[in-house]
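First the structure, in the form of structure tokens, and then the observations on it.
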Amino acid sequence: MGNPRQKSKDILSQTDQAALAGRRWLPRTLFCVVVLAVLVGLGVWLNQPREGEATAASQLVFTPARVTAVLSDNAAPDEENGEGRRVGTQELEIQLLSGPHKDEILPLTNHMSALFNVDVEEGDRVIVRLITQEDGTYYAAMFNYDRGLVMGITLLVFCAVLALLGGWKGIRALLGLVFTLACVWFLLIPGLIRGLPGIPFTVAIAGVTAAACLLLLDGFTRKSFCAILGCIGGVAAAGIFAALVGVATPLNGFNMSEAENLLLYGAEQGLHVSGLLVCGVLVAALGAVMDVSMSIASALWELRVNNPDLPARDLFRSGMNIGKDAMGTMANTLILAFAGSSLNTLLLARVYDIPFAQLINTDFICVEILQSVAGSMGILLTVPLVTAVSAKLMTADRVQHSTKTPQRI
Numbered sequence: 130m131g132n133p134r135q136k137s138k139d140i141l142s143q144t145d146q147a148a149l150a151g152r153r154w155l156p157r158t159l160f161c162v163v164v165l166a167v168l169v170g171l172g173v174w175l176n177q178p179r180e181g182e183a184t185a186a187s188q189l190v191f192t193p194a195r196v197t198a199v200l201s202d203n204a205a206p207d208e209e210n211g212e213g214r215r216v217g218t219q220e221l222e223i224q225l226l227s228g229p230h231k232d233e234i235l236p237l238t239n240h241m242s243a244l245f246n247v248d249v250e251e252g253d254r255v256i257v258r259l260i261t262q263e264d265g266t267y268y269a270a271m272f273n274y275d276r277g278l279v280m281g282i283t284l285l286v287f288c289a290v291l292a293l294l295g296g297w298k299g300i301r302a303l304l305g306l307v308f309t310l311a312c313v314w315f316l317l318i319p320g321l322i323r324g325l326p327g328i329p330f331t332v333a334i335a336g337v338t339a340a341a342c343l344l345l346l347d348g349f350t351r352k353s354f355c356a357i358l359g360c361i362g363g364v365a366a367a368g369i370f371a372a373l374v375g376v377a378t379p380l381n382g383f384n385m386s387e388a389e390n391l392l393l394y395g396a397e398q399g400l401h402v403s404g405l406l407v408c409g410v411l412v413a414a415l416g417a418v419m420d421v422s423m424s425i426a427s428a429l430w431e432l433r434v435n436n437p438d439l440p441a442r443d444l445f446r447s448g449m450n451i452g453k454d455a456m457g458t459m460a461n462t463l464i465l466a467f468a469g470s471s472l473n474t475l476l477l478a479r480v481y482d483i484p485f486a487q488l489i490n491t492d493f494i495c496v497e498i499l500q501s502v503a504g505s506m507g508i509l510l511t512v513p514l515v516t517a518v519s520a521k522l523m524t525a526d527r528v529q530h531s532t533k534t535p536q537r538i
């Protein structure tokens, strides 16, 4: 039989812990509410209508439509491209599905080539552009297939699989993903457009999104805190590395695609094009760095729970051994992402036997290599950073054998 006095102490200890958790809940909730209110206020300010005339693109009208009839079709397989895509012309009759002209029936001439190839049948849904002429009449031009429904179903399937396999943590991960996308679209991009300092602002947004995602996933625990610090350090390291290489090459946002269009816009609105390269590196590296930091922090926490007497030095050594395995796989992540996104360019380089000296000094290739290597460098440096922080914080006091729940902070 157990010692009644010891059992009484355990009960009192559990009561004290519950009371302490209750006292911590209110300030943490208030902190989250204040941070969220600040972010919402910043988003409202950044997304206010900008001064100046509306852009030409914002005046274009696109609307979904359904093909109600194929009046004529002279398209035939194109033997030259070797894949049998039909080229030619279709005379269509379409019904508009939304907008002020909803349910109207319009004729449409659909020109199909090997590249622009929207081959439709009766009943298919498409997106058309409505073009208004000076006399007020309008006509429809083919834009593309209506992929909205399929893309929506794809996202729903992804969310359902994540929620089913991950349970509550999967749902929390989805909330973190939504928060990250909201921060990028409503904070980061408008902030860059308004001319805020690109690199510091991107680092701040990356830190906020990393903290939100990891806290949603695991709560206010030491494990989350270690992962957040390691993630921010790894992303910052990737940005610093990219900035240093950019200065040495020289390479910056002016060498990226669409730089000319952004430069024309930035001349009037204050957009700083030169810093966009490093900003892109920070955003691209965030996800992979977050993955590594949380994986190592979780592994070290389990080691510490199962061996409470493990000293910080041994915990650090174990974390580095775990991290070396992660380095070997995660270092390929962004490199292979570069190879996949640049596959067509690499194919053309081999097809036309572009000299290596020309290829390796092409702006597009240099930018992609820099982004991939800098992101991978961030992953590599995250390992010692998160390991050192975890070894220090997780051994700050004794971890009880009785629980595997990460200690609250």
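Numbering of the sequence shown is given in this note's numbering, commencing with residue 130 and proceeding in unit increments. No residue lacks a Cβ here, since even glycine has one placed at the ideal position from N, Cα and C. Only a predicted model underlies this, so the values are computations on that prediction, with no experimental measurement involved.
When the Cα atoms are used, what is the spatial distance from isoleucine 334 to glycine 170?
Roughly 14 Å separates the two Cα atoms.
Excluding the 5 residues preceding and the 5 following aspartate 207 in the sequence, name in chain order all residues of the same chain whose CB lies nearer than 8 Å to its CB.
For aspartate 207, where only same-chain residues beyond five positions count, the Cβ hits under 8 Å are Gly213, Arg214, Arg215, Val216, Ala243.
Our contact map puts isoleucine 508 next to methionine 449 with C-beta atoms below 8 Å; I'd like the distance itself, whole angstroms only.
Between isoleucine 508 and methionine 449 a beta carbon distance of about 14 Å is seen, past the 8 Å cut, so the two are scored as non-contacting.
Tell me the DSSP secondary structure of alanine 221 in three-state form.
Going by the sequence as given, residue 221 is leucine instead of alanine. Strand.
Compare the beta carbon distance of alanine 367 and alanine 204 with 8 Å and say whether it is the shorter of the two.
In this structure, alanine 204 does not lie closer than 8 Å to alanine 367 by Cβ.
Mind pulling the alpha helix (DSSP H) runs of 4 or more residues that sit fully within the region 394-418?
Listed in chain order, nothing qualifies, since the region 394-418 has no complete alpha helix (DSSP H) run of 4 or more residues.
Close beta carbons around leucine 391, own chain, < 7 Å, minus the five adjacent residues each side:
So the list reads Leu400, Val402, once near-sequence residues are dropped.
Please determine, among Leu514, Gly457, Val374, His240, the residue with the shortest C-alpha to C-alpha distance to glutamate 497.
Out of Leu514, Gly457, Val374, His240, Val374 has the C-alpha closest to the C-alpha of glutamate 497.
Three-state secondary structure (DSSP) of valine 515
Looking at valine 515 - three-state DSSP - the assignment turns out to be helix.
I'd like to know whether the C-beta atoms of tyrosine 274 and valine 255 end up nearer to each other than 8 Å.
Against a cut-off of 8 Å, the Cβ pair of valine 255 and tyrosine 274 comes out as a contact.
Restricting to runs no shorter than 3 residues, where is the beta strand (DSSP E) found entirely within the region 250-277?
Here the runs fully enclosed are 254-261, 267-274.
Would you check if the region 420-438 and the region 342-357 touch, i.e. whether three or more CB-CB distances between them fall below 8 Å?
Between the region 342-357 and the region 420-438 there are three or more inter-stretch CB-CB distances shorter than 8 Å, so the stretches are counted as touching.
So, at 6 Å on beta carbons, what are the nonlocal neighbours of asparagine 381 in its own chain, with the 5 sequence-adjacent residues on each side left out?
Leaving aside the five residues that flank asparagine 381 on each side, the residues in its chain whose CB is nearer than 6 Å to its CB run, in chain order, Gly375, Ser403, Leu406.
According to the Cβ coordinates, are isoleucine 223 and arginine 258 closer than 8 Å?
Going by C-beta atoms, isoleucine 223 is not nearer than 8 Å to arginine 258.
If you compare alpha carbons, which of Arg323, Leu226, Leu325 is closest to alanine 253?
The question names alanine, yet the displayed sequence has aspartate at residue 253. Comparing Cα-Cα distances from aspartate 253 to each of Arg323, Leu226, Leu325, the minimum goes to Leu226.
On the three-state DSSP scale, how would you describe threonine 491?
Annotated three-state conformation of threonine 491 is coil, per DSSP.
Determine the DSSP secondary structure at isoleucine 234, reduced to helix, strand or coil.
Looking at isoleucine 234 - three-state DSSP - the assignment turns out to be strand.
Given 8 Å, three or more beta-carbon pairs between the region 454-472 and the region 508-523
Touching, per the Cβ criterion.
Given tyrosine 394, which residues of its chain have a CB within under 7 Å of its CB, disregarding the five upstream and five downstream residues?
Cβ contact annotation for tyrosine 394 (same chain, cutoff 7 Å, sequence separation greater than five): Leu400, in chain order.
Would you tell me roughly how many angstroms separate the C-alpha atoms of isoleucine 494 and aspartate 482, rounded to the nearest one?
For isoleucine 494 and aspartate 482, the distance between alpha carbons rounds to 15 Å.
Among the residues of its own chain, which have a CB less than 8 Å from the CB of alanine 372, if the five just before and after it don't count?
Hits under 8 Å: Ile328, Val407.
Report buried or exposed for phenylalanine 445, applying the criterion of at least 16 other Cβ atoms within 10 angstroms of its Cβ.
When all chains shown are included, phenylalanine 445 counts as buried.
If the criterion is Cβ atoms closer than 8 Å, does the pair valine 190 and leucine 221 meet it?
Their beta carbons are not under 8 Å apart, which means valine 190 does not touch leucine 221 by this criterion.
When burial is assigned at 16 or more other CB atoms within 10 Å of the CB, is methionine 280 buried or exposed?
Methionine 280 should be labelled exposed.
For threonine 331 and glutamine 500, I'd like the C-alpha separation in whole angstroms.
So the alpha carbons of these two residues sit roughly 15 Å apart.
How many angstroms separate the CA atom of aspartate 492 from the CA atom of leucine 293?
So the two alpha carbons sit approximately 44 Å from each other.
Quick check: what's the CA-CA separation for glutamate 389 versus isoleucine 318?
Each residue's CA atom was taken as its position, placing glutamate 389 and isoleucine 318 some 18 Å apart.
Whole-number beta carbon distance between cysteine 342 and glycine 299, since they are thought to touch under 8 Å
Contact between glycine 299 and cysteine 342 is ruled out by a C-beta separation of about 13 Å, above the 8 Å threshold.
Sorted by chain position, which residues of the same chain lie with C-beta nearer than 7 Å to glycine 336's C-beta, five sequence neighbours on each side aside?
Scanning its chain for C-beta atoms nearer than 7 Å, with the 5 sequence neighbours on each side dropped, one finds around glycine 336 the residues Ile361, in chain order.
Between which two residues does the alpha helix (DSSP H) carrying serine 353 extend?
351-377 is the span of the alpha helix (DSSP H), which, as asked, contains serine 353.
Cβ of leucine 291 less than 8 Å from any chain B Cβ?
No chain B is present in this structure, which holds just one protein chain.
Between alanine 302 and leucine 291, what straight-line distance do the alpha-carbon atoms span, to the nearest angstrom?
Distance between the alpha carbons of alanine 302 and leucine 291: 8 Å.
Contact check, alanine 426 vs valine 515 under 8 Å by CB: the rounded distance?
Contact holds; Cβ gap of about 6 Å.
Put leucine 200 into one of helix, strand or coil per three-state DSSP.
Residue state, collapsed to three classes: strand.
Give me the residue from Glu209, Ala198, Ala365, Met523 with the minimum Cα distance to arginine 442.
Minimum Cα distance to arginine 442 is reached at Met523.
Can you tell me whether DSSP reads phenylalanine 245 as helix, strand or coil?
Residue state, collapsed to three classes: coil.
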